Amino acid sequence: MASIPAADVVAAANAVVDEPPAKKLKAAAAVPQPPAAGVAGGHHLEPGIVSEAVMAAAPSLAGQYQAAEPYKHCVMRDIFSIDLLRQVRDEIINNINATYKETDLFKVFQTGDLGNLDSLDPEAAGKLPGLMKLKKALYSDEFRAFVTSVTGCGDLSPRTDCSCNVYAYGGHLLCHDDVIANRRVSYIIYLTDPDDPWVAEDGGALELYPLVEG
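Be aware that the sequence shown starts at -2, since it is given in my numbering, and climbs by one per residue.
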């Protein structure tokens, strides 16, 4: 999670580019349905966390996803409650520790796996109510059905990996692929300071490179 102003982004199938979708998307009749029978369920989506307008625009977003180059991907803005994301950002900064990690591929501060928040003791969980809500929304049956309808990736299990990454000055993640055997979708949620908008001159943009044969 890094930098884009008030932009909530789910990046499907490997990446994101900073190109906003059309401001007004007409809702199609088809609405994402919960996963098919036999797929283990997660949480149900709490009202007010995810934009109903964006969820209803799944068919239009699916068209953007299929047409994207050099890899299929989709940028979604204003998908989560801004007030919730402000809360989540504050909770992460003040209540979660990040460890500095450096290899020949990346230089980043990273938290542990946030997919295990449900196992926190009540005192620790009480400091992260907004993050718990966001995590449950991402794991919910309804949101997974939405991602499936946009990407056409097939049924998704409720198992979701997530962590917070902070890229300080000089931090980076070099060119790589996200090919992991049990992963169908890669996503990024940007949590920049909404009162200090991120601009291109700040650097840190995500870049997508096409496959070069040979």
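Yeah, the Cβ is synthetic: ideal placement off N, Cα and C, and Gly gets one too. Since the structure is predicted, the reported quantities are computational estimates derived from the model, not experimental observations.
Between the options, which has its C-alpha nearest residue i's C-alpha?
i	options	result
Ala59	Cys71, Ser48, Ala50 and Pro67	Cys71
Pro191	Gly123, Pro67 and Leu81	Leu81
Gly201	Phe103, Glu120 and Ser48	Phe103
Met129	Thr100, Cys159, Cys150 and Thr148	Cys159
Leu188	Lys133, Asp75 and Tyr68	Asp75
Ile186	Leu135, Asp101 and Asn113	Leu135
His149	His173, Leu42 and Arg181	Here residue 149 is Gly; the residue named in the question, His, does not match the sequence. When only C-alpha atoms are compared, the closest one is Arg181.
Gly45	Ser78, Ala64 and Lys132	Ser78
Spatial neighbours of residue i within its chain, please: C-beta separation below 6 Å, excluding the five flanking residues on both sides.
i	result
Val7	Because the pLDDT of Val7 is 37, which lies under 50, any placement of that residue in the model is unreliable, and the question is left without a value.
Leu170	Phe103
Pro207	Pro67
Asn91	none
Mind checking who residue i pairs with in its DSSP beta bridge?
i	result
Ala96	Looking at the sequence shown, residue 96 is not Ala but Thr. The partner list for Thr96 (beta bridge, DSSP) reads Gln107.
His169	Lys104
Val163	Phe106
Phe77	Val47
Considering just the uninterrupted stretch of the alpha helix (DSSP H) at residue i, what are its terminal residues?
i	result
Gly60	Ala55 to Ala64
Ser137	Looking at the DSSP string, Ser137 is not in any alpha helix (DSSP H), and its letter there is neither H nor E.
Glu120	Pro119 to Ala122
In chain order, what residues of the same chain have a beta carbon less than 7 Å from the beta carbon of residue i, not counting five sequence neighbours either side?
i	result
Gln84	Gly127
Val212	Examination of residue 212 is not possible in this model, given that the chain is present from -2 through 211 alone.
Ala95	Phe106, Gln107, Thr108, Cys161 and Val163
Arg156	none
Give a yes or no on whether the minimum CB-CB distance between residue i and chain C is below 8 Å.
i	result
Leu171	The structure shown has no chain C; it contains just one protein chain.
Residues in the same chain with beta-carbon distance under 8 Å from residue i, minus the five sequence neighbours each way, listed in chain order, please.
i	result
Leu117	Leu125
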